[in-house]
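A quick write-up on the structure given underneath.
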Amino acid sequence: MKRWGLILLAIVMLFSFSATSAQAVTEINWWFAHGGRLGEKVQSIVSDFNSMQNKYKVVATYKGNYSDTMMAGIAAFRSQTPPHILQVFEVGTASMMAAKGAIKPVYEVMAEAGLPWTPDAYLSTVTGYYTTSDGKMLSMPFNSSTPVLYYNVEAFKKAGLDPDKPPRTWSEVEAYAKKLVAAGYGGGFSTAWISWIHLENFSAWHNAPFGTKANGFEGLDTEFVFNSPLHVKHVQNLADWQKDKVFVYGGRRNKGNAKFSSGEVAMYTESSAGYAGFKKTCKFPFKTSMLPYYKGAAGAPQNTIIGGASLWVMEGHSDAEYKGVATFFNYLSSPAVQADWHQFTGYLPITTDAYYLTKGQGVYDEKPGMETALKQMTLNKPTANSRGLRFGNFVQMRAIMYDTLEAIFTGEVTAQEGLDDAAQKGNRLLRKFEKANK
Amino acid sequence: MEKRVIFKNKVLPYFLVAPQIAITLVFFIWPALMAIYQSVQQEDPFGLSTEFVGLENFSYIFTDPIYLNSIKVTMVFSLSVAAISMCTALLLAVMADRVIRGATTYKTLIIWPYAVAAVAAAVLWYFLFNPTVGMISFFLKKMGVDWNFALKGGQAMLLVILASSWRQIAYNFLFFLAGLQAIPKPFIEAAAIDGASPWKRFWTIVFPLLSPTVFFLLVMNLVYAFFETFGVIHAITEGGPNEATNTMVFKIYHDVFEAVDLGGSAAQSVVLMVLVIALTVIQFRYIERKVHY
Chain A
1 MKRWGLILLA IVMLFSFSAT SAQAVTEINW WFAHGGRLGE KVQSIVSDFN
51 SMQNKYKVVA TYKGNYSDTM MAGIAAFRSQ TPPHILQVFE VGTASMMAAK
101 GAIKPVYEVM AEAGLPWTPD AYLSTVTGYY TTSDGKMLSM PFNSSTPVLY
151 YNVEAFKKAG LDPDKPPRTW SEVEAYAKKL VAAGYGGGFS TAWISWIHLE
201 NFSAWHNAPF GTKANGFEGL DTEFVFNSPL HVKHVQNLAD WQKDKVFVYG
251 GRRNKGNAKF SSGEVAMYTE SSAGYAGFKK TCKFPFKTSM LPYYKGAAGA
301 PQNTIIGGAS LWVMEGHSDA EYKGVATFFN YLSSPAVQAD WHQFTGYLPI
351 TTDAYYLTKG QGVYDEKPGM ETALKQMTLN KPTANSRGLR FGNFVQMRAI
401 MYDTLEAIFT GEVTAQEGLD DAAQKGNRLL RKFEKANK
Chain B
439 MEKRVIFKNK VLPYFLVAPQ IAITLVFFIW PALMAIYQSV QQEDPFGLST
489 EFVGLENFSY IFTDPIYLNS IKVTMVFSLS VAAISMCTAL LLAVMADRVI
539 RGATTYKTLI IWPYAVAAVA AAVLWYFLFN PTVGMISFFL KKMGVDWNFA
589 LKGGQAMLLV ILASSWRQIA YNFLFFLAGL QAIPKPFIEA AAIDGASPWK
639 RFWTIVFPLL SPTVFFLLVM NLVYAFFETF GVIHAITEGG PNEATNTMVF
689 KIYHDVFEAV DLGGSAAQSV VLMVLVIALT VIQFRYIERK VHY
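If you're matching them up, the sequences are chains A and B in order. By this note's numbering, the letter at position 360 of the first sequence is numbered 360, and the numbering carries on one by one without gaps. By this note's numbering, the letter at position 56 of the second sequence is numbered 494, and the numbering carries on one by one without gaps.
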């Protein structure tokens, strides 16, 4: 027993020794929300950074899913032990932005660090979501994706459709879907993330506002306007299309993905980041194309907006530590790291250089599906309607959207009644947020 | 007949109950007080600006159609879970009580589900009944049932009730079986000799003697259905479709852990707390009178 005690003591001493010798290195804590293979990738990016230089040591910690990570960050801030970098999903953006005193805007961190930094190097359609209307970057985009249309090549051939000519408009989708159903498929198309794709991105893609005040970018006194005739028309179409199985509702989040991978439906709208998952689960060849639009709608197609998460810098640390954060962000934005992350995960690159680097490597010729999302994002210069969304209490709004759409799809209410009601409920949440963040 | 243990030392009893009191204070009383405090504040997630708003959070939730609907959903859900899990468990316990050969095997099998984590159980049910890939939904569709709980509220409700009850059956079974075995056999034998049918014997002798257990389980099951079922709902329906399974506790979970609405969810917690306290008081005052110990 005594010998064990001695060994233990030796180990403790060894550790305390290495801890004191490591004090010269500034530690940067990063809390992130990627499990599985993505998490391993994050760790490998971090360890590359740590071995590249010896001034800073980034410690990346997995804190659970997006909500868990955000809650962990909030709890840590409240107990005065915040991490330096916190990964927050896009719907939490408004909450983070409003938390002045808890977050340090990225443009400030970069300016104070005095490192060379060019905001123009970033893809504006990606960073726009996290930038003020006068162009100041608040958080660093990390993993961003945008919805695209996936279609089953085998099914297209079976139904006598040309797999190289995916449907471009919603009326083409309807016609294609009818042919697919006639060929024996269980449904024409289905979707994941229905609120994000069929209302939020639908608005941007048609250059129509989702809310007033530039979708909330220009003030907390914004109001939802997703009950416009164009929105109502689309949602009513979805509801009506259920009769002929042109459209099949697959459930909340991406719970309907099995409908596409099992071959039940032949077309599916889902995040571009779902590409790797489908590659693994689908036993048939599939391709991607841009989201469909309504032909008569003025301004369509515009560009789509992103989903995913960004990195926020938290208040309460020393200047030396912030300099470390800035150094790490510069490393994260470097073309090599970005191109690698983009190609490994299917998320969008955040800089133009990373995009051209990937293009130059011939990756898009091999996997043309990967470029679809980028082309669609950068199709046009973003307008006030297609820069992104910034609404408080938006997580609750998404839940209301699911409930509303489900009520519309079962025929309990019409699209007009449902969307009017959802807008009203949502505006109550917006006013509540406005009041709490005055 | 009462037995009393007399402590000579005046301090020792307090010392002995101190850990229990400390745990109750730290894990039950203090959070409850915090919830009450939080429910009258309007606060941003980071605690940067806190404003006293009186009963505004309460007036907000009581004018919120989503919240009012969740009260209704909770009632239907909780009563169904309590009824289904208790009736099934009682039936199984009565059956198992009669089994002589292989009794342990039966009991072990029935108690087993209780060892399965709530979320794991929920995921299991979700996959069995998944409209696209589920095994049971495959057979349901073969039988001509239009099974799609992603859109049909009634089916979703049925599914979460079954999934929540399933686990609780094991728990109830354990108590019912213990209760049944505590009933002196001569009572039943005497009634049998007098010619009472099994049905009659059950309702006139066994059930009244079992009533303390029934009462205890009723309280426990309602508390379970009110508080501990959000994991099941989270994994299967997320409160949908169209709020059909949006129970009060799931809504609280969602509002605080996903939406970070502290004041609003604290107000909801306080309402739930008051409701459960009221229910328990009613149970003890009115139903307990009918219980024979």
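Glycine is no exception: its CB is placed at the ideal position from the N, C-alpha and C atoms.
Next item on the list: Using only alpha-carbon positions, find the residue among A:Ala177, A:Lys104, A:Ala60, A:Ser145 that is nearest to Lys136 of chain A.
Entry: A:Lys104
Margin query: I need the straight-line Cα distance from Asp244 of chain A to Val235 of chain A, nearest angstrom please.
Written below: 16 Å
Check: Terminal residues of the continuous beta strand (DSSP E) containing Tyr56 of chain A?
Finding: 56 to 62
Check: Across which residues does DSSP place Gln480 of chain B in a beta bridge pair?
Finding: B:Glu489
Next item on the list: Just the chain B side, please: which residues come within less than 8 Å of Glu412 of chain A by C-beta, in chain order?
Entry: Asn680
Notebook entry, point to check: Tell me the DSSP bridge mates of Lys100 of chain A?
Noted result: A:Ile103
Notebook entry, point to check: When the Cα atoms are used, what is the spatial distance from Phe286 of chain A to Glu223 of chain A?
Noted result: 39 Å
Checklist line | Closer than 7 Å to chain B by CB, Arg398 of chain A | finding: no
Notebook entry, point to check: Taking the Cβ atom as the reference point for each residue, do Thr69 of chain A and Gln43 of chain A lie within a distance shorter than 7 Å?
Noted result: no
Check: What residues of chain B sit near Ile74 of chain A, judged by a beta carbon separation below 8 Å?
Finding: Pro483, Phe484, Val698
Checklist line | Interface flag, Asn507 of chain B vs chain A, CB-CB below 7 Å | finding: no
Checklist line | Top-ranked residue by Cα proximity to Leu180 of chain A, from A:Val248, A:His231, A:Ser124, A:Val126 | finding: A:Val248
Margin query: Between which two residues does the alpha helix (DSSP H) holding Thr651 of chain B run?
Written below: 645 to 665
Next item on the list: Assuming Gly186 of chain A and Val265 of chain A form a contact by the criterion Cβ under 8 Å, report the distance between their Cβ atoms to the nearest whole angstrom.
Entry: 6 Å
Notebook entry, point to check: For Asn447 of chain B, which of helix, strand or coil comes out of DSSP?
Noted result: coil
Note to self: Applying the 10 Å Cβ sphere with the 16-neighbour rule, what's the burial state of Tyr122 of chain A?
What the structure shows: buried
Next item on the list: Please confirm if Val571 of chain B has its CB atom under 7 Å from at least one CB of chain A.
Entry: yes
Next item on the list: Output yes or no for whether 7 Å exceeds the beta carbon distance between Gln302 of chain A and Asn227 of chain A.
Entry: no
Note to self: Suppose you measure from the CA of Ala22 of chain A to the CA of Asn54 of chain A; what does that come to, to the nearest Å?
What the structure shows: Residue confidence for Ala22 of chain A is low, a pLDDT of 46 falling below 50, so the modelled location carries little weight and cannot support an answer.
Notebook entry, point to check: Where does Thr81 of chain A land, buried or exposed, given buried means 16+ other C-beta within 10 angstroms?
Noted result: exposed
Check: Taking three-plus beta-carbon pairs below 8 Å as touching, is the segment 514 to 524 of chain B in contact with the segment 656 to 667 of chain B?
Finding: yes
Notebook entry, point to check: Residue ranges of each beta strand (DSSP E) run of no fewer than 3 residues wholly in the segment 292 to 345 of chain A, ordered along the chain?
Noted result: 307 to 314
Notebook entry, point to check: On the premise that Ala33 of chain A lies in contact with Val232 of chain A, defined as a C-beta separation below 8 Å, what is that separation, rounded to the nearest angstrom?
Noted result: Not a contact, Cβ separation roughly 35 Å.
Note to self: Can you give me the C-alpha to C-alpha distance between Thr512 of chain B and Thr685 of chain B, rounded to a whole angstrom?
What the structure shows: 5 Å
Next item on the list: Please name the residue or residues paired with Glu27 of chain A in a DSSP beta bridge.
Entry: A:Lys57
Check: Does the distance from the C-beta atom of Tyr130 of chain A to that of Ser334 of chain A stay below 7 Å?
Finding: no
Check: Taking a cut of 8 Å between CB atoms, which residues from the segment 252 to 273 of chain A lie near chain B?
Finding: Arg252, Arg253, Lys255, Gly256, Ala258, Lys259, Ser262, Glu264
Checklist line | Met140 of chain A - partner residues in DSSP beta bridges | finding: A:Leu311
Next item on the list: Let me know if Trp563 of chain B comes out buried or exposed under the rule of 16 or more other beta-carbons within 10 Å of its beta-carbon.
Entry: buried
Next item on the list: Grab me the residues of Pro163 of chain A's own chain with a C-beta within less than 7 Å of its C-beta, minus the 5 sequence neighbours each way, in chain order.
Entry: Val153, Phe156, Lys157, Lys287
Check: Of all the residues that make up the segment 491 to 504 of chain B, which are near chain A by a beta-carbon distance shorter than 8 Å?
Finding: Tyr498, Asp502, Pro503, Ile504
Notebook entry, point to check: Should Phe722 of chain B be labelled buried (16 or more other beta-carbon atoms within 10 Å of its own) or exposed?
Noted result: exposed
Note to self: If we define contact as Cβ-Cβ less than 7 Å, is Asp441 of chain A a contact residue for chain B?
What the structure shows: The structure shown has nothing for residue 441 of chain A, since chain A only spans 1 to 438.
Note to self: Let me check one thing: in DSSP terms, what residues is Ser289 of chain A bridge-paired to?
What the structure shows: A:Leu149
Checklist line | Short CB-CB distance (under 7 Å) between Phe695 of chain B and chain A | finding: yes
Notebook entry, point to check: Does any C-beta atom of chain B lie closer than 7 Å to the C-beta of Ala309 of chain A?
Noted result: no
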